[in-house]
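Asks: Residue numbers (the working numbering): 25 to 466.
Mind looking over this structure? Questions follow.
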Ligand code: GDP
């Protein structure tokens, strides 16, 4: 809290699926506004509240708390069909989602049906080098944004503008779609599909950067929720195996219109091991003789995509990559999730350094091909081999588990302020006197 302002960004420190959903949901109680600033309906947070399971793809996790206002910031790309599917699903689960508590930036871009078609053709074109996208049209929508052809929410509110933009963009898109043997799309059809959705979207549309500015004047607390994660950032991640936007802390400012110096804290989410969905380098991946370990972790941690159900690639905690994430985001505190998943392990490996061709390297390589050649340097810690599921106090953890947490924190150089010991809200330890605790107290 600085001069009464509290704006915290929460970011996955690894390759995503760190369990951000649970931590955001826990913290959301302390905030008035929860916003997303990048990405689209590819997020896939799972949040469990009592008996109910919510899967959130596009909406911020705060939507589950009916006294919170949620915002989809200007940095996002929004598929109007997916937007209303998710709202309808929330309503069916008893959560009321009205324009009063959900604001969509007029400057956010729309994902159009031709973006989905283009996503398929682009992955097909890359063949073996495909990125492994979720094929929801998110990448092509960001390409149009950067190419200054995109359709913003505010453009679509005018039927004339929407129609002209669709016609113009489709001419080009169809050339590529047809080249890859797909049937062409028709402007009339797209307009007739999209415009009624835009009409339904109209009451949700707002000047969200102004909304944030007003909220700050009233000392409202704002939580900015990153989707995907640091190592998938289009600038800082393992390019080209990345997402099309900036999940890192700087992206939170650009994607909401909140000035960078108004952001008062950055929280990183890390998991006791790593996973990765899709293609791309993964130095600590458990392969070959570690296949059994990967299966055990996948099973215990339920590591299957919450949107795509794809099995996730599993690997050991990588302190080099996480240190890189800490430098980029300036984490004030870390939340460590899924401690309980490691309860069964005899030994736990942590990657503390990288080597390429026998040479130690200090920084996280920019080139994905180099990352593929990395030989991780591991330290092996003894497992605690007892149940931590549901523990709520640090002193109740087995000594070896406490040592493990301390080892991770020291090797990354950032405090671990929260330990998650299970999927439920109350299966959580908040460490006394941590920065994290101060966020929870406010
Ligand atoms: P996110 O997108 O980063 O929220 O990741 P996911 O939606 O893939 O969430 C990870 C999964 O792990 C969800 O099913 C969570 O309920 C679950 N989860 C989160 N924290 C913990 C934990 O500490 N222990 C266990 N066993 N599961 C957890």
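Where is the CB? At the ideal position from N, CA and C, for every residue including glycine.
Quick check on this structure: which residue in 303, 286, 250 and 32 has the alpha carbon closest to the alpha carbon of residue 266?
Replies: As a first step, residue 266 is located in the chain shown; it is residue number 242 there, counting from the start. It is 303 whose Cα lies nearest to the Cα of residue 266.
Asks: Count the C-beta pairs between the stretch 390-403 and the stretch 366-382 that are closer than 8 Å, then say yes if the count reaches three, no if not.
Replies: yes
Asks: Could you check where the beta strand (DSSP E) with residue 402 kicks off and where it finishes?
Replies: Along the chain shown, read from residue 1 onward, the residue named residue 402 stands at position 378. Per DSSP, the unbroken beta strand (DSSP E) holding residue 402 starts and ends at 399-406.
Asks: I'd like to know whether the C-beta atoms of residue 248 and residue 197 end up nearer to each other than 7 Å.
Replies: Against the chain shown, residue 248 aligns to sequence position 224. Against the chain shown, residue 197 aligns to sequence position 173. In this structure, residue 197 does not lie closer than 7 Å to residue 248 by Cβ.
Asks: Check whether the Cβ atoms of residue 57 and residue 288 sit closer than 7 Å, and answer yes or no.
Replies: Along the chain shown, one-based indexing puts residue 57 at 33. Along the chain shown, one-based indexing puts residue 288 at 264. No, Cβ-Cβ distance for residue 57 and residue 288 is not below 7 Å.
Asks: Helix, strand or coil: how does DSSP classify residue 364 here?
Replies: Taking the first residue of the chain shown as 1, we reach residue 364 at position 340. Three-state result, residue 364: helix.
Asks: According to the Cβ coordinates, are residue 145 and residue 200 closer than 7 Å?
Replies: In the chain shown, residue 145 corresponds to position 121, counting from 1. In the chain shown, residue 200 corresponds to position 176, counting from 1. Their beta carbons are under 7 Å apart, which means residue 145 touches residue 200 by this criterion.
Asks: Applying the criterion that 16 or more other CB atoms from any shown protein chain within 10 Å of the CB defines a buried residue, is residue 69 buried or exposed?
Replies: The residue you call residue 69 lines up with position 45 of the chain shown. Label assigned to residue 69: buried.
Asks: Thinking C-alpha only, which one of 368, 420, 407 and 344 is nearest residue 438?
Replies: Numbered from 1 along the chain shown, position 414 holds the residue referred to as residue 438. The shortest Cα separation from residue 438 among 368, 420, 407 and 344 belongs to 344.
Asks: For residue 449, name the three-state secondary structure that DSSP assigns.
Replies: By 1-based counting over the chain shown, the position of residue 449 is 425. DSSP places residue 449 in the coil class of the three-state scheme, outside both helix and strand.
Asks: Tell me whether residue 182 is buried or exposed, calling it buried when 16 or more other Cβ atoms sit within 10 Å of its Cβ.
Replies: Within the chain shown, the letter at position 158 stands for residue 182. It is exposed - the Cβ of residue 182 has fewer than 16 other Cβ atoms within 10 Å.
Asks: Using the DSSP secondary-structure output, state which residues sit across from residue 33 in a beta bridge.
Replies: Locating residue 33 in the chain shown gives position 9, counting from the first residue. The partner list for residue 33 (beta bridge, DSSP) reads 248 and 290.
Asks: Note down the Cα distance separating residue 126 from residue 234, rounded to an integer number of angstroms.
Replies: For the purposes of this step, residue 126 is taken as the residue at position 102 of the chain shown. For the purposes of this step, residue 234 is taken as the residue at position 210 of the chain shown. Between residue 126 and residue 234, the C-alpha separation is close to 15 Å.
Asks: Using only CA atoms, which one of 172, 103, 121 and 104 lies nearest to residue 111?
Replies: What you label residue 111 is simply residue 87 of the chain shown in a count that begins at 1. Comparing Cα positions, the closest option is 121.
Asks: Thinking C-beta only, is residue 77 closer than 7 Å to residue 294?
Replies: The count along the chain shown starts at 1 and reaches residue 294 at position 270. The count along the chain shown starts at 1 and reaches residue 77 at position 53. No, the pair does not count as a contact, with Cβ atoms beyond the cut-off.
Asks: Would you identify the three-state DSSP class for residue 8, choosing helix, strand or coil?
Replies: Summary: the structure shown does not reach residue 8, with the chain confined to residues 25 through 466, and so no result is reported for it.
Asks: Evaluate residue 216 with the Cβ neighbour count: other Cβ atoms within 10 Å of its Cβ, from every protein chain shown; 16 or more gives buried, anything less gives exposed.
Replies: The count along the chain shown starts at 1 and reaches residue 216 at position 192. Residue 216 should be labelled exposed.
Asks: I'd like the list of long-range same chain contacts for residue 67, defined as Cβ closer than 6 Å, with 5 residues on each side in sequence excluded.
Replies: On the chain shown, position 43 is the one that residue 67 refers to. Only 81 and 251 meet the Cβ criterion.
Asks: Please list, in chain order, all residues of the same chain as residue 50 whose beta carbon is under 7 Å from its beta carbon, the five residues on each side excluded.
Replies: If you number the chain shown from 1, residue 50 lands on position 26. If we look at residue 50 and ignore the five residues flanking it on each side, its Cβ neighbours are 449 and 452.
Asks: In this structure, does DSSP put residue 39 in helix, strand or coil?
Replies: Sequence index remark: in the chain shown, residue 39 carries index 15 (1-based). In this structure, residue 39 counts as coil in the three-state DSSP scheme.
Asks: Going by DSSP, which residues form a beta bridge with residue 328?
Replies: If you number the chain shown from 1, residue 328 lands on position 304. 335.
Asks: Spatial neighbours of residue 3 within its chain, please: CB distance less than 7 Å, with the 5 preceding and 5 following residues excluded, ordered by chain position.
Replies: The chain is shown from 25 up to 466; residue 3 falls before or after that span and cannot be answered.
Asks: Which full runs of the alpha helix (DSSP H) of 4+ residues lie inside the stretch 194-251, going along the chain?
Replies: 211-225 and 232-241
Asks: Could you have a look at residue 135 and say whether DSSP puts it in helix, strand or coil?
Replies: Looking up residue 135 in the chain shown gives position 111. In the three-state DSSP reduction, residue 135 falls in the coil class, being neither helix nor strand.
Asks: Quick one: what does DSSP say residue 69 is sitting in, helix, strand or coil?
Replies: By 1-based counting over the chain shown, the position of residue 69 is 45. Of the three classes helix, strand and coil, the one that applies to residue 69 here is strand, per DSSP.
Asks: Taking C-alpha atoms, which residue in 285, 180 and 188 lies nearest to residue 222?
Replies: For the purposes of this step, residue 222 is identified with residue 198 of the chain shown, where counting begins at 1. Among 285, 180 and 188, the Cα nearest to that of residue 222 belongs to 180.
Asks: In terms of DSSP beta bridges, what is residue 76 paired with?
Replies: Indexing the chain shown from 1 puts residue 76 at position 52. Looking at the DSSP assignment, residue 76 forms a beta bridge with 73.
Asks: When burial is assigned at 16 or more other CB atoms within 10 Å of the CB, is residue 33 buried or exposed?
Replies: The sequence position of residue 33 within the chain shown is 9, counting from 1. Buried, by the Cβ-count rule.
Asks: Quick check: does the Cβ of residue 75 come within less than 6 Å of any heavy atom belonging to the ligand GDP?
Replies: On the chain shown, position 51 is the one that residue 75 refers to. No; taking the cut-off as 6 Å, the Cβ of residue 75 has no heavy atom of the ligand GDP nearer than that.
Asks: Tell me where the beta strand (DSSP E) around residue 377 begins and ends.
Replies: In the chain shown, counting from the first residue as 1, residue 377 sits at position 353. Element bounds for residue 377: 371-380.
Asks: In terms of alpha-carbon separation, which member of 230, 79, 279 and 460 lies closest to residue 65?
Replies: Translated into the one-based positions of the chain shown, residue 65 becomes position 41. When each option's Cα is compared against that of residue 65, the closest is 79.
Asks: Return the first residue and the last residue of the beta strand (DSSP E) that residue 263 is part of.
Replies: For the purposes of this step, residue 263 is identified with residue 239 of the chain shown, where counting begins at 1. That residue, residue 263, is in no beta strand (DSSP E); it is neither H nor E in DSSP.
Asks: How far does the alpha helix (DSSP H) with residue 343 in it reach, from first residue to last?
Replies: Translated into the one-based positions of the chain shown, residue 343 becomes position 319. First-last of the alpha helix (DSSP H) with residue 343: 343-353.
Asks: Would you tell me roughly how many angstroms separate the C-alpha atoms of residue 382 and residue 407, rounded to the nearest one?
Replies: Sequence index remark: in the chain shown, residue 382 carries index 358 (1-based). Sequence index remark: in the chain shown, residue 407 carries index 383 (1-based). Whole-angstrom Cα-Cα distance: 29 Å.
Asks: For residue 396 and residue 262, I'd like the C-alpha separation in whole angstroms.
Replies: Position 372 of the chain shown, counted from the start, is the residue given in the question as residue 396. Position 238 of the chain shown, counted from the start, is the residue given in the question as residue 262. Spanning the two alpha carbons is a distance of roughly 10 Å.
Asks: So the alpha helix (DSSP H) residue 105 belongs to, where does it begin and stop?
Replies: As a first step, residue 105 is located in the chain shown; it is residue number 81 there, counting from the start. 104-116 is the extent of the alpha helix (DSSP H) around residue 105.
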